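All letters in the sequence shown, in the order written, are residues 140 to 509 by our numbering.
Positions of the beta carbon are idealized from the N, C-alpha and C atoms, including for glycine.
These numbers were taken from a predicted model, which means no experiment stands behind them.
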Amino acid sequence: MKEKARNEKESQVTPQAIYQGRRRFVATAAAVAGGAWLVNQYGLSSTKEKGQTVAQSPPPPASPSKPAATPSAPASATKKSATQPDSVVTSGLDVRLAGHSKSTRYTENARDKTTPVGIATTYNNFYEFGTDKSDPARHAHRLTLRPWSVTIDGLCHRGGVFDIDDLVGAHALEERIYRLRCVEAWSMVIPWIGFEMRDLLKRVEPMASAKYVAMQTVYRPDEMPQQRSLFRTIEYPYVEGLRLDEAMHPLTLVTVGMYGQRLYPQNGAPIKVVVPWKYGFKSPKSVVRITLTDKQPPTTWNMQSAREYGFYSNVYPARSHPRWQQTSERRFISEGGLFNTKRIETLPFNGYGSEVAHLYQGMDLINRYY
Ligand code: MTE
Numbered sequence: 140m141k142e143k144a145r146n147e148k149e150s151q152v153t154p155q156a157i158y159q160g161r162r163r164f165v166a167t168a169a170a171v172a173g174g175a176w177l178v179n180q181y182g183l184s185s186t187k188e189k190g191q192t193v194a195q196s197p198p199p200p201a202s203p204s205k206p207a208a209t210p211s212a213p214a215s216a217t218k219k220s221a222t223q224p225d226s227v228v229t230s231g232l233d234v235r236l237a238g239h240s241k242s243t244r245y246t247e248n249a250r251d252k253t254t255p256v257g258i259a260t261t262y263n264n265f266y267e268f269g270t271d272k273s274d275p276a277r278h279a280h281r282l283t284l285r286p287w288s289v290t291i292d293g294l295c296h297r298g299g300v301f302d303i304d305d306l307v308g309a310h311a312l313e314e315r316i317y318r319l320r321c322v323e324a325w326s327m328v329i330p331w332i333g334f335e336m337r338d339l340l341k342r343v344e345p346m347a348s349a350k351y352v353a354m355q356t357v358y359r360p361d362e363m364p365q366q367r368s369l370f371r372t373i374e375y376p377y378v379e380g381l382r383l384d385e386a387m388h389p390l391t392l393v394t395v396g397m398y399g400q401r402l403y404p405q406n407g408a409p410i411k412v413v414v415p416w417k418y419g420f421k422s423p424k425s426v427v428r429i430t431l432t433d434k435q436p437p438t439t440w441n442m443q444s445a446r447e448y449g450f451y452s453n454v455y456p457a458r459s460h461p462r463w464q465q466t467s468e469r470r471f472i473s474e475g476g477l478f479n480t481k482r483i484e485t486l487p488f489n490g491y492g493s494e495v496a497h498l499y500q501g502m503d504l505i506n507r508y509y
C-alpha cells in the first residue's frame, strides 16, 4: 500500500499530529491530564511510581519447539526479558492484579484446557516486532511500557487522555479463560485478566450518534523494528475496530494481565482488547487510542486485503479463507511447541454463538459481512 493512501486512511480516524509524531509529548502530557481527570471524576488517587520499563538485556532467542524461560522458571530479577511479563513498578496495578477474581463462567473445560504459558508467550503474532512467531518474544522487551496513556475521544461526552494505571484503577479485575482462534487456523486457550470494555465506554458516555469504536495501537518506529522497515508487510500503526454494540458486549475484555500476572510485552502489554468470538487479529495489542465514531473505521488487515479479511471477521467455519481452511484448527495442547497440537473442530463464533449470534441476525456472514 502506498504511503499516501495509508495517510489518507489513517487520517480518517486519527488526527495527523497523533499518527505522524509527537506521540511522546502527548503521552507525557496525557499521563498528567488523565490522572487529574480521573481523580476529579471518580475520586481516584494514584499510588503509582512512574518510570521507564525497557528491559535491561535482550532475552535468549526463543525457539517454538523449546520455549524460553517462563514465569514458572523466571529469569533472575536483573535479567529481564520479553519472556517475562511487564514488570515495571506501578503498585496500583499489581495490587489490583493480586486481588483479581476468577470468572465462574469462563473457565477451562475438557475440550478447552489452558495453553501452557511457555507456548502462549513464545508463539505470537505481533508484526511490529517481526513476522516470525518467535520474533515478539525476542524483541518486545524493547517496548517502553511506562508512562503509557490511552486517549478516548470522538463521539463521547467525557473523553480524555488517561494514564493507564489510573484508567485500570477504576475497575475490578477478573480472570477469564477465553479461546483464541487465529485466522491461520491455530488456537490457544488463555487466562486473561481484565475488565469489560463496556464499563470503560460507559464512563466516557458515548453520544447517540456513536456507532463504531476505532482502536489504534502504539506507533514507535524506534522501538518496533518492523515499523521502520522498508520491507514491512503491513502499514502502521496497527488499527482495529468494532461496531459499538460489539464493543459493549460483555465478552469484550480490556486486558492488562494473563496467567495471573501482568500482560507479557509480546502479548500486547500494557493493554490489549480481547474479542474472543472473532479471529485473533481483531484483538489489538498495546492500545493507545479508542475513538467513538459514526463511520466504520479502517482496519489493518482489511486494508491489506479486503477479500481475505473482512471488518467483522467473526470466527465462522462456513466462510472459507483463500489460504487457511476454517472448519478445524490446530490447538496447542502442551509445552513442547509446534508439533504438540491436536486438530479440533472450529465452532461458529469460536463457541460463543449463544452469546453473540444475535448481534448478526439477518446478516450474510459468508458473502457480505465477513
Ligand atoms: N496487535 C498488534 N498491534 N499487532 C499485531 O501484529 N496481531 C494480531 C493480534 N493483535 C497483532 C495484534 C493477531 S494476527 C493475533 S492472532 C493476535 O494478536 C495474537 O495474540 P497473541 O500473540 O497474544 O496470541
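Around the CB of Ala353, 16 or more other CB atoms lie within 10 Å, so the residue is classed as buried. Within the stretch 260-348, complete alpha helix (DSSP H) segments of at least 4 residues are found at 274-278, 303-308 and 336-343, given in chain order. Three or more pairs of CB atoms, one per stretch, sit closer than 8 Å, so the stretch 345-360 contacts the stretch 368-385. Cβ-Cβ distances below 8 Å link Arg469 to Ala324, Trp325, Ser326, Thr480, Lys481 and Arg482 in the same chain, with the five nearest sequence neighbours on each side left out; the list follows chain order.
Take Ala279, set aside five residues on each side of it, and the residues of its chain with a beta-carbon closer than 7 Å to its own are Ala221, Phe265, Phe268, Pro404 and Gln405, in chain order. Between Leu431 and Cys295, the CB-CB gap stays under 8 Å. Taking all protein chains in view, the Cβ of Glu374 is crowded by 16 or more other Cβ atoms within 10 Å, so the residue is classified as buried. By the 16-neighbour rule on beta-carbons within 10 angstroms, Gly501 is exposed.
Taking C-beta separations shorter than 8 Å and ignoring five residues to either side along the sequence, the partners of Asp361 in its chain run Arg367, following chain order. Here DSSP, grouped into helix, strand and coil, assigns Ala445 to coil. For the alpha helix (DSSP H) assignment, the uninterrupted runs of no fewer than 4 residues enclosed by the stretch 398-457 are, from N- to C-terminal side, 439-443. Here Asp384 has Leu498 as same chain residues with Cβ atoms under 7 Å from its own Cβ, once five neighbours each way along the sequence are excluded. The shortest CA-to-CA distance from Thr485 to any of Arg446, Tyr418 and Asp305 is the one to Tyr418. Excluding its 5 nearest sequence neighbours in each direction, Ala457 has C-beta neighbours in its own chain below 7 Å: Ile505, listed in chain order. Boundaries for Val357: no alpha helix (DSSP H) harbours it, and the DSSP string shows neither H nor E there. Residues of the same chain with a CB within less than 6 Å of the CB of Pro345, apart from the 5 flanking positions on each side, are Cys295 and Leu431 in chain order.
Judged by DSSP secondary structure, Ser368 falls outside any alpha helix (DSSP H); it is assigned neither H nor E. Only residues of its own chain outside the window of five on either side were considered, and among them Lys417, Tyr418 and Lys421 have a CB closer than 6 Å to the CB of Ser452, listed in chain order.
At a threshold of 7 Å, Gly407 counts as near ligand 1, since its beta carbon sits closer than that to one of the ligand's heavy atoms.
In the three-state reduction of the DSSP assignment, Glu474 falls in the coil class. For Leu383, the uninterrupted alpha helix (DSSP H) segment begins and ends at Leu383 to Ala386. Classified as buried, Ala408 has 16 or more neighbouring CB atoms from the shown chains inside 10 Å of its CB.
Nearest C-alpha to Gly492 among Val307, Pro415, Ser459 and Gly298: Pro415. Judged by their CB atoms, Pro224 and Arg359 are not nearer to each other than the 8 Å cut-off. A straight-line Cα-Cα distance of about 7 Å links Val307 and Leu232. The Cβ-Cβ distance between Arg342 and Arg285 does not fall below 8 Å. It is roughly 31 Å from the alpha-carbon of Tyr262 to the alpha-carbon of Asp305.
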